[in-house]
Each structure stands twice: as structure tokens, then as C-alpha cells.
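Here is the structure we will look at, set down as C-alpha cells.
Residue numbers (UniProt numbering): 1 to 241.
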């Protein structure tokens, strides 16, 4: 894929992501409204609460669907996630958040989990940790293939390659791309299934608080990261001046 195509993808996904974050803030405001109304057990409020929970989960699903389409176009760009701030990228694990991080957040967010819920959480943590380990091993294998002698030798000679060698390099890169795409799809699948299983365990009240805190966490990281990058850019311009 050309640099131009990668640049186009970055711009398109950046626009999508900016709009997605705006809707995320809107959903957070709605969740906050319902959280403040939880003491009122009016039927219409409960119905609206359940509706907004489903909308929030669909909102996350929309993100993964758009991300999957982008990855088919250029998985390398999706892995690097240039639409995120440098601080946000420190949280990246195979192109997204680490599933076990969500499970750790639950313990900090919710202090009213029942013994049965806690038992389920512990089981989920063990299963998720094992799945993460397996994915990391697969990722390491893909990364090692990038540094394999034949591919590395061809890459170093990219400016002097003959026709047959170019085909070999293209074929090798295509195999790496396919492998990376598979790893990303598996990681996103684990992220989605972890959240889905977690939400199924929680009561409606707990779901609202959980989704609120996760959104607040994400948006605060976003704001702080963008602000820090902006300050760094301003400082660099000042030094150059």
C-alpha cells in the first residue's frame, strides 16, 4: 500500500474517530442523567435506561466494525493508530486496550459485587489472561517473521531489487499482513467478548455505573493526551523559532 493510501486512511479514520468520541460524550451525559435518576424506579426510566445501555454497547460495536474495515485496507496503520495521542498509544495492546484492564477496572468502579459475581470475575480473569498470553505468543511469532533473514535481506535491498525479488518481497509482506490482520481480529474479538460477558454479569444499575466510568476514563485520557501533544508541539515550534 502506498504512503498516499495510508495517509487517506488515517484522515478518514481520524474523522470517524472524532465523531465517535463526540457521540461517546453524548452517551456519557445520558448515562449520568440516568445514574442520578436511579433512586426513582418509574417504569419509563428503567426502560430508557435499558435502551441507553444497548445504544452504548452498539456504539462500541460500531467502532470495531469501522476499525475492522480500516484494517482490511491497511492493517499496519491500524496497529500504529496515528489518530490517537502519544499518551493514548501507551495503552495499546495489539491495536487496542488490553481486555484484562477492563476486568481490573471493575474492581475499582464497583464496590457492591456479590460473592457470586466476584467468583465469575475471577474465572473470567484467568480465562482472559490465558487468551492474552496465547495472542502475545502469536504476535511474537509474526514479529519474528518480519526480522527473518530472507525478508530482512530483501527489505534492505529494496532500492535494487529485480522483478522476481520484488515479487518475493511483496509475497512475504502480504503473508505478514495477513498474519497481523488475524492477530488483530482475534484481539478485537477477545476485547468485545470480555466486555459482553462482563456486562451480562452486572445488574442494570451496575451496568450504568460501569459504562459511565469507562467512558469517563477514555475521554479523560483523550483530553489529557491531546493537550500534552499540543503543548509539546508548541514547545518545539518555540525552540525552532
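We put the CB at the ideal spot given by N, CA and C, even for glycine.
Tell me the DSSP secondary structure of residue i in three-state form.
i, result
"residue 233", "helix"
"residue 112", "coil"
"residue 98", "coil"
"residue 205", "helix"
"residue 84", "coil"
"residue 93", "coil"
"residue 74", "coil"
"residue 163", "Because the pLDDT at residue 163 is just 47, under 50, the model does not fix this residue reliably, and the value given afterwards should be weighed accordingly. If DSSP states are grouped into helix, strand and coil, residue 163 belongs with the helices."
"residue 51", "helix"
"residue 26", "helix"
"residue 220", "helix"
"residue 186", "helix"
"residue 155", "Unreliable placement is indicated for residue 155, whose pLDDT of 46 sits below 50; the coordinate value is still reported in the next sentence. Helix, per DSSP."
"residue 37", "coil"
Flag this pair as yes or no: are the beta carbons of residue i and residue j separated by less than 7 Å?
i, j, result
"residue 180", "residue 208", "no"
"residue 128", "residue 183", "no"
"residue 213", "residue 102", "no"
"residue 265", "residue 85", "Not covered by the structure: residue 265. The range shown for the chain is 1 to 241."
"residue 219", "residue 56", "no"
"residue 73", "residue 9", "yes"
"residue 194", "residue 82", "no"
Among the options, which has the Cα closest to the Cα of residue i?
i, options, result
"residue 16", "37, 50, 64 and 28", "64"
"residue 97", "60, 74 and 126", "60"
"residue 78", "187, 236 and 57", "187"
"residue 18", "144, 216, 192 and 222", "222"
"residue 231", "87, 49, 62 and 75", "87"
"residue 45", "136, 204, 224 and 235", "204"
"residue 202", "68, 11 and 106", "106"
"residue 173", "62, 75, 95 and 48", "75"
"residue 7", "80, 236 and 116", "80"
"residue 136", "95, 114 and 117", "95"
Can you give the beta carbon distance from residue i to residue j, rounded, assuming they're within the 8 Å contact cut?
i, j, result
"residue 31", "residue 52", "6 Å"
"residue 190", "residue 131", "5 Å"
"residue 70", "residue 13", "5 Å"
7 Å is my cut-off, CB to CB: does residue i come that close to chain D?
i, result
"residue 224", "Looking for chain D here will not work: only one protein chain is present."
(request) Evaluate contact between the region 85-100 and the region 18-34, counting only Cβ atoms and requiring at least three cross-stretch pairs below 8 Å. (result) no
(message) Using 8 Å as the cut-off, can you tell me whether the region 119-133 makes contact with the region 185-200, which would need three or more C-beta pairs spanning the two stretches below that distance?
(response) Touching, yes, given that three or more Cβ pairs across the two stretches are closer than 8 Å.
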